[in-house]
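A quick write-up on the structure given underneath.
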Amino acid sequence: MSATISKSLSWMLDPIVLCLALLILTTIFASQKRLTIYLLLIIVFLGAISISPLPEVLMANLELPQSNDETQYREYAVVLGGDNIHFIKDKNKFDYAESFDRVGEALHLYRQKKISKIILTGGDVEYAGQIVNESKASAAWLVAMGVPEGDILTEEKSRSTYENASFVKEIIDSRKITEFYLITSASHMRRALGVFRKLGMNPTPYSVDYRAPAGNGKIFWNAMGLGKLSILKAAIYEYAGIAYYTTLGYL
1 MSATISKSLS WMLDPIVLCL ALLILTTIFA SQKRLTIYLL LIIVFLGAIS ISPLPEVLMA
61 NLELPQSNDE TQYREYAVVL GGDNIHFIKD KNKFDYAESF DRVGEALHLY RQKKISKIIL
121 TGGDVEYAGQ IVNESKASAA WLVAMGVPEG DILTEEKSRS TYENASFVKE IIDSRKITEF
181 YLITSASHMR RALGVFRKLG MNPTPYSVDY RAPAGNGKIF WNAMGLGKLS ILKAAIYEYA
241 GIAYYTTLGY L
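For the sequence shown, position 174 (counting from the first letter as 1) is numbered 174 according to this note's numbering, and the numbering increases by one without interruption.
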């Protein structure tokens, strides 16, 4: 998705935002009695979602299982950007998001000698009023962690998954790379892998940041938690992304 559409969907598909929008509309157009009913329905809906297995079920259906090929050596690993790292100048430190697992796992693979080169993707993103180049920021962190600059390549223009794949293909083709790991969040892997394959590449998927429960695969009703709403939002966003990319012919 384009950066603008991605940000818009991320905001519009937030369950809490949707409920607040509904509440505002009912406040304007509904009677006091109906407003009370709708308010109770919203509370019941949010409460039910926060204890139900629905968010995890939706997420589990997105997340691809780990591949047996993940133990094999690949010279290159491609790390997809996900607005995962920024450098805060006035505090002189890095700030990490959940999706930073992608970069961290690339470092782990490098130290385990399962890869020799890391290709970082991601263009400019705005964060706290600053424009930061995501791949450059990730590269700076890897260098600080001891990875030689010569073992890091950056793709510094992409703003979407499709652009990630398109610009990486240029690097892959120019270096005649045939096998590489594709590192991204587990929920994002299905869409990302589809785009890469559509463009003629055949990466080995390496998923990180799993959010559905691990273990025996059973998902139960459990204690209330707002974290479920976050999982639901992420799942809905990814399903919308798959539908959008399918419509555009990217998958």
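For glycine and all other residues, C-beta sits at the position ideal for the given N, C-alpha and C.
Check                                                                                                  : Outcome
Of the listed residues ILE231, SER187, ILE118, SER99, nearest to LEU64 (C-alpha basis)                 : SER187
Stretch-stretch touch, CB-based, cutoff 8 Å, three pairs: the segment 107–125 with the segment 141–148 : yes
Check whether SER135 and THR161 have beta carbons under 7 Å apart                                      : no
Assigned secondary structure, ILE37 (DSSP; H/G/I helix, E/B strand, else coil)                         : helix
Neighbour-count burial assignment, VAL79, 16 or more Cβ in a 10 Å radius                               : buried
Cutoff 8 Å; reference ARG191; Cβ partners in own chain excluding five residues on either side          : THR161, GLU238, GLY241, ILE242, TYR245, LEU251
Beta-ladder partner(s) of THR184, from DSSP                                                            : SER207
Cβ neighbours of ILE177 in the same chain (closer than 6 Å, five flanking residues each side left out) : TYR76
Beta-carbon proximity of ALA234 to GLU56, cut-off 7 Å                                                  : no
Status (buried if at least 16 other CB within 10 Å, exposed otherwise) for GLY81                       : buried
Under the three-state DSSP convention, the category VAL125 falls into                                  : strand
Option in ALA60, ILE118, GLY200, MET201 with minimal Cα separation from GLY146                         : ILE118
Extent of the continuous beta strand (DSSP E) to which GLU155 belongs                                  : 152–155
Distance CB(PHE180)-CB(PRO203) smaller than 7 Å                                                        : yes
Cβ shell of ASP101 (< 6 Å), same chain only, five flanking positions each side left out                : VAL208, ASP209
From ILE152, PHE167, LEU193, residue whose alpha carbon lies closest to that of GLY123                 : PHE167
Residue environment, TYR206, which counts as buried when at least 16 other CB atoms sit within 10 Å    : buried
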